[in-house]
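Numbering (full-length UniProt numbering), first residue to last: 1 to 150.
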Amino acid sequence: MTISTTTSRGSVLAATAAELAERSAEWLPRVRLDPQGRWYERLHRYDDQEIWLISWLPGQTTGLHDHGGSRGAFAVALGSLEERDLSGVREITPGRARAFGPEYVHEVRNGSFAPAVSVHVYSPPLTTMNRYDLVGDRLVRLATEEAAQW
C-alpha cells in the first residue's frame, strides 16, 4: 500500500481508508452503479470521523470542492480514479491512498473505461462542502452544500 499524506493525522485517515478498501467482503454487496451520478453511502459515523463508500462509472466526477474544514483521505478499492488539484493530475489505483488537510481543494473523477469504487474517511465528520470553479489560476467559490443535502 502506498500512502501519500502531509500530516500524521492524515496518515491515520489514509490507513483507515486503505485497510477498509482491501476488505471488499465488508462493502461489495452494498455497491450500486448509477448512470445518473456517483452513488455513495456512509458506512460509519463516529464522533471524530466518518467513512463513505463511493462508486463511479466512467466520466463521473466530483467537480472541484473542499471538505468544509475537515481533513480527509481516500483509497481506491476497485478500478482507478484521477485526482486533480492546483498542482496537477495524478492517477490513484488500488493499493494507493491519498490524504489531505482541511483547506484542500480537489476534483476526483473516473477517467477510465471501467467502474471504480473508493473509500473516503473524513475527520471531523463533514458538515459542509464548498464547490469551486477555476477561473484562470484563481478558485471561485460557486456554492456551499450542507450535510443535510447528501
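Backbone N, C-alpha and C fix where the C-beta goes; we use that ideal spot for every residue, glycine too.
Do residue 129 and residue 67 have their C-beta atoms within less than 9 Å of each other?
-> Here residue 129 refers to the residue found at position 129 of the sequence shown. Here residue 67 refers to the residue found at position 67 of the sequence shown. In this structure, residue 67 lies closer than 9 Å to residue 129 by Cβ.
Per-residue DSSP class, three states only, for residue 1 = Within the sequence shown, the letter at position 1 stands for residue 1. Legend: pLDDT at residue 1 = 47, less than 50; position of this residue unreliable, no value from coordinates given.
Drop a sphere of 10 angstroms on the beta-carbon of residue 135, count the other beta-carbons inside from all chains shown, and report buried for 16 or more, exposed for fewer.
-> One-based indexing of the sequence shown puts residue 135 at position 135. With fewer than 16 other Cβ atoms within 10 Å, it is exposed.
Proximal residues to residue 133 (C-beta, below 8 Å), its chain only, five neighbours per side dropped | As a first step, residue 133 is located in the sequence shown; it is residue number 133 there, counting from the start. Hits under 8 Å: 64, 139, 140 and 142.
Nearest candidate by alpha-carbon position, reference residue 111, set 123, 103 and 91 = Position 111 of the sequence shown, counted from the first residue, corresponds to residue 111. Nearest to residue 111 by alpha-carbon distance, out of 123, 103 and 91, is 91.
Distance between residue 71 and residue 81 (C-alpha atoms, nearest Å) | Indexing the sequence shown from 1 puts residue 81 at position 81. Indexing the sequence shown from 1 puts residue 71 at position 71. Cα-Cα distance, rounded: 20 Å.
Where residue 8 and residue 20 are concerned, what is the direct C-alpha to C-alpha distance, given to the nearest angstrom?
-> Your numbering for residue 8 matches position 8 in the sequence shown. Your numbering for residue 20 matches position 20 in the sequence shown. Computed Cα separation, rounded: 19 Å.
If you draw a straight line from the alpha carbon of residue 37 to that of residue 55, how long is it in whole angstroms?
-> The residue labelled residue 37 in the question sits at position 37 within the sequence shown. The residue labelled residue 55 in the question sits at position 55 within the sequence shown. The alpha-carbon atoms of residue 37 and residue 55 are separated by roughly 9 Å.
Contacts around residue 50, its chain only, beta-carbon distance under 7 Å, and the 5 residues preceding and following it disregarded = Looking up residue 50 in the sequence shown gives position 50. The answer, listed in chain order, is 42, 44, 122, 125 and 126.
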